[in-house]
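A.B. asks: This structure is in structure tokens; I'll ask about it shortly.
Protein chains: 2
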Amino acid sequence: MRKNTKVNAAILIIGNEILSGRTQDTNTSTLATWLNSLGVKINEVRVVPDEEKKIIETLNILRKENNYVFTTGGIGPTHDDITAASVSKAFGLKYEINKEAFKILEAYYKPGEFNEGRQKMVWMPQNAKLILNPTSGAPGFYVENVFCLPGVPSILKSMIGGLKNKILGGEPILSHTISLRTVESEIANSLSKVQDANKDVEIGSYPFFHAGKLGVSIVLRSEDKSKIDICNSQILDFIKAKKIQIVDR
Amino acid sequence: MRKNTKVNAAILIIGNEILSGRTQDTNTSTLATWLNSLGVKINEVRVVPDEEKKIIETLNILRKENNYVFTTGGIGPTHDDITAASVSKAFGLKYEINKEAFKILEAYYKPGEFNEGRQKMVWMPQNAKLILNPTSGAPGFYVENVFCLPGVPSILKSMIGGLKNKILGGEPILSHTISLRTVESEIANSLSKVQDANKDVEIGSYPFFHAGKLGVSIVLRSEDKSKIDICNSQILDFIKAKKIQIVDR
Numbered sequence: 077m078r079k080n081t082k083v084n085a086a087i088l089i090i091g092n093e094i095l096s097g098r099t100q101d102t103n104t105s106t107l108a109t110w111l112n113s114l115g116v117k118i119n120e121v122r123v124v125p126d127e128e129k130k131i132i133e134t135l136n137i138l139r140k141e142n143n144y145v146f147t148t149g150g151i152g153p154t155h156d157d158i159t160a161a162s163v164s165k166a167f168g169l170k171y172e173i174n175k176e177a178f179k180i181l182e183a184y185y186k187p188g189e190f191n192e193g194r195q196k197m198v199w200m201p202q203n204a205k206l207i208l209n210p211t212s213g214a215p216g217f218y219v220e221n222v223f224c225l226p227g228v229p230s231i232l233k234s235m236i237g238g239l240k241n242k243i244l245g246g247e248p249i250l251s252h253t254i255s256l257r258t259v260e261s262e263i264a265n266s267l268s269k270v271q272d273a274n275k276d277v278e279i280g281s282y283p284f285f286h287a288g289k290l291g292v293s294i295v296l297r298s299e300d301k302s303k304i305d306i307c308n309s310q311i312l313d314f315i316k317a318k319k320i321q322i323v324d325r
Numbered sequence: 077m078r079k080n081t082k083v084n085a086a087i088l089i090i091g092n093e094i095l096s097g098r099t100q101d102t103n104t105s106t107l108a109t110w111l112n113s114l115g116v117k118i119n120e121v122r123v124v125p126d127e128e129k130k131i132i133e134t135l136n137i138l139r140k141e142n143n144y145v146f147t148t149g150g151i152g153p154t155h156d157d158i159t160a161a162s163v164s165k166a167f168g169l170k171y172e173i174n175k176e177a178f179k180i181l182e183a184y185y186k187p188g189e190f191n192e193g194r195q196k197m198v199w200m201p202q203n204a205k206l207i208l209n210p211t212s213g214a215p216g217f218y219v220e221n222v223f224c225l226p227g228v229p230s231i232l233k234s235m236i237g238g239l240k241n242k243i244l245g246g247e248p249i250l251s252h253t254i255s256l257r258t259v260e261s262e263i264a265n266s267l268s269k270v271q272d273a274n275k276d277v278e279i280g281s282y283p284f285f286h287a288g289k290l291g292v293s294i295v296l297r298s299e300d301k302s303k304i305d306i307c308n309s310q311i312l313d314f315i316k317a318k319k320i321q322i323v324d325r
């Protein structure tokens, strides 16, 4: 498999329930962790309401700016599930019954239970390819570089395993964390110098409060392990000079 | 206080740690719940990396399309905290020492501890107004309709209380939930008819799996209680006809 060095993606969370605060989104973190492990960097995340115009407009921006787009939510049987219809319009494709999905759900449900509500879930953009659902039958789908997944976190998690060979990642993004018993202001200047000397490594600084004590986690991220190592040793140098304690975290 | 019927906002989450999956964002849910209680509807949420160009570009879109924008993250003392500098550029304002913030932090820290790293936190857009921080001293700030808050959830929570009289909300958005022992496909058609007959009420349908059983929560949202009541009674009618059990959730 050819490796591009830079592969990126956007996540589009579709759902009023996130914007109202009723539901805490956890799919972003699931997808981001998984995509990072495949060498796909997340450029941005957007959360939009169940409104066709907004979904189409946002999707048409994101799919052009990114190698991949992953949507979550809006693929169930109810009136507020409008992702498949919106994706069809975004691509200018017919919204129609996907025969393969129909067969899957016809076999999944007991005779007579594949009712009108459930049949809505087999309506997809023309020629959409399926993302199988080992948890609850109804498949997700993808069109070109846009992958549409459900909003229920446990179902989403069970479906991404089947996607691995459909995503062409770049070099895996490596990460190294150094956690310190200090506060950010004590290390800000030294860390800034290390960042200036190591432009290719993304250095993040994250304060934490754990077991009653303050600390800072420094996170180094790069595709190149040797660059992380250089950065790490420069950080260890100033930590030692400042007599700052390294802690587990 | 005059009430606009429609007041909206966007949330801009700034931070590589969310995009890498390292950190689970919870500020969206905190802000959304709080803003909804003030009658402010969230139009969209975006998560962007610690990159000046992207922050400026996104902020300049969101602040024109929404009554309010709330940013989280990037206002600490380290090199990756670039929110204040980026907001200055977005508004074409000088990035300078805020004297009031300087005095607050000078008084907050012990003599000699208000070091260079900490002093970075008083650099803000010219004439920015402060958002006081009862937890850890360093204030947030706002410029016109853009409110900049920290990324650490506990600190953010402690700061939004002080913002209440600075946000002019619309009519409070009321919400009513009916939880049912059913699956979405059983109610999809009936619910769709209720939605068609009640265009002004936002009706959401959310499957859940709780204590080993499947169910669906129907959420009705509107500024007008009488409209929610009408919708509710239409839903109770079809639930009764279908002999579906109402459950606590």
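Quick mapping for you: the protein sequence lines, in order, are chains A and B. All letters in the first sequence, in the order written, are residues 77 to 325 by my numbering. All letters in the second sequence, in the order written, are residues 77 to 325 by my numbering. Using N, Cα and C, we set each Cβ at its ideal position, and we do this for glycine too.
Using the C-alpha atoms, what's the distance from residue 243/B back to residue 84/B?
C.D. replies: Locating residue 84/B in the second sequence gives position 8, counting from the first residue. Locating residue 243/B in the second sequence gives position 167, counting from the first residue. Whole-angstrom Cα-Cα distance: 11 Å.
A.B. asks: Residues of chain A with CB closer than 7 Å to the CB of residue 97/B, please, in chain order.
C.D. replies: Working through the second sequence from its first residue, we reach residue 97/B at position 21. Within 7 Å Cβ-Cβ: 105, 108, 109, 112.
A.B. asks: Does residue 184/B have its Cβ less than 7 Å from a Cβ in chain A?
C.D. replies: Counted from its first residue, the second sequence places residue 184/B at position 108. Answer no: the Cβ-Cβ gap between residue 184/B and chain A never drops below 7 Å.
A.B. asks: Could you check the C-alpha separation between residue 150/A and residue 91/A for me, to the nearest Å?
C.D. replies: Working through the first sequence from its first residue, we reach residue 150/A at position 74. Working through the first sequence from its first residue, we reach residue 91/A at position 15. So the two alpha carbons sit approximately 7 Å from each other.
A.B. asks: In the DSSP output, what is residue 321/A paired with across the bridge?
C.D. replies: Numbered from its first residue, the first sequence carries residue 321/A at position 245. BP columns for residue 321/A point to 257/A.
A.B. asks: On the DSSP letters alone, give me the boundaries of the beta strand (DSSP E) that residue 97/B sits inside.
C.D. replies: Position 21 of the second sequence holds residue 97/B. Careful: residue 97/B lies outside any beta strand (DSSP E) and carries neither H nor E.
A.B. asks: Between the Cα of residue 247/B and those of 163/B, 300/B, 158/B, spot the shortest distance and give me the residue it belongs to.
C.D. replies: If you number the second sequence from 1, residue 247/B lands on position 171. That would be 300/B, whose Cα lies nearest to the Cα of residue 247/B.
A.B. asks: Measure how close the beta-carbons of residue 148/B and residue 225/B come, nearest whole angstrom, since I'm counting them as under 8 Å.
C.D. replies: For the purposes of this step, residue 148/B is identified with residue 72 of the second sequence, where counting begins at 1. For the purposes of this step, residue 225/B is identified with residue 149 of the second sequence, where counting begins at 1. So it is a contact: roughly 5 Å between Cβ atoms.
A.B. asks: Which bits of chain B does residue 177/A rub up against, with CB to CB less than 9 Å?
C.D. replies: If you number the first sequence from 1, residue 177/A lands on position 101. Simply none; closest approach about 14 Å.
A.B. asks: CA-CA distance, residue 236/B and residue 102/B?
C.D. replies: One-based indexing of the second sequence puts residue 236/B at position 160. One-based indexing of the second sequence puts residue 102/B at position 26. Looking at the two C-alpha atoms, the distance is approximately 14 Å.
A.B. asks: Enumerated in chain order, which unbroken segments of the alpha helix (DSSP H) with a length of 4 residues or greater are wholly contained in the stretch 133 to 208 of chain A?
C.D. replies: Correct list: 159 to 167, 175 to 184, 192 to 195.
A.B. asks: Output needed for residue 245/A: all residues of its chain with C-beta closer than 7 Å, excluding positions within five of it in sequence on either side, in chain order.
C.D. replies: As a working note, residue 245/A is residue 169 in the first sequence. The residues are 83, 114, 115, 116.
A.B. asks: On the CB-based measure, 16 or more other CB atoms within 10 Å of its CB, does residue 77/A come out buried or exposed?
C.D. replies: Here the question's residue 77/A lines up with position 1 in the first sequence. With a pLDDT of only 41 at residue 77/A, under the threshold of 50, the placement of this residue in the model should not be trusted, and no figure is reported.
A.B. asks: Can you check whether the CB of residue 142/B is closer than 7 Å to the CB of residue 119/B?
C.D. replies: Counting from 1 along the second sequence, the entry for residue 119/B is found at position 43. Counting from 1 along the second sequence, the entry for residue 142/B is found at position 66. Result yes, Cβ atoms of residue 119/B and residue 142/B sit closer than 7 Å.
A.B. asks: With DSSP collapsed to three states, give me the class of residue 77/A.
C.D. replies: Locating residue 77/A in the first sequence gives position 1, where the first residue counts as 1. Annotation note: pLDDT 41 at residue 77/A (below 50); position unreliable, coordinate value reported separately. It is coil, neither helix nor strand.
A.B. asks: Among the residues of its own chain, which have a CB less than 7 Å from the CB of residue 163/B, if the five just before and after it don't count?
C.D. replies: Within the second sequence, numbered from 1, the residue matching residue 163/B stands at position 87. Cβ neighbours of residue 163/B beyond the five flanking positions: 135, 201, 219, 222, 224.
A.B. asks: 7 Å is my cut-off, CB to CB: does residue 118/B come that close to chain A?
C.D. replies: On the second sequence, residue 118/B is found 42 positions in, with the first residue counted as 1. At least one chain A Cβ lies under 7 Å of residue 118/B.
A.B. asks: Examine the Cβ distances between the stretch 178 to 185 of chain B and the stretch 247 to 265 of chain B and report whether three or more of them are shorter than 8 Å.
C.D. replies: In short, these stretches do not touch, since the Cβ pair count stays below three.
A.B. asks: Take residue 296/B as the anchor and find which of 249/B, 287/B, 324/B has the nearest alpha-carbon.
C.D. replies: Counting from one through the second sequence, the residue named residue 296/B turns up at place 220. Of the listed residues, the one whose Cα sits closest to residue 296/B is 249/B.
A.B. asks: Can you find the residues in the same chain that come closer than 8 Å, C-beta to C-beta, to residue 325/A, ignoring five residues on each side of it along the sequence?
C.D. replies: Sequence index remark: in the first sequence, residue 325/A carries index 249 (1-based). These residues qualify, in order along the chain: 253, 255, 284, 286, 291, 293.
A.B. asks: For the alpha helix (DSSP H) containing residue 241/A, name the first residue and the last one.
C.D. replies: The residue given as residue 241/A occupies position 165 in the first sequence. Residue 241/A -> no alpha helix (DSSP H), and no H or E assigned at all.
A.B. asks: Note down, in chain order, every chain A residue with its Cβ under 8 Å from the Cβ of residue 297/B.
C.D. replies: Counting from 1 along the second sequence, the entry for residue 297/B is found at position 221. By Cβ distance, chain A contributes 92, 96.
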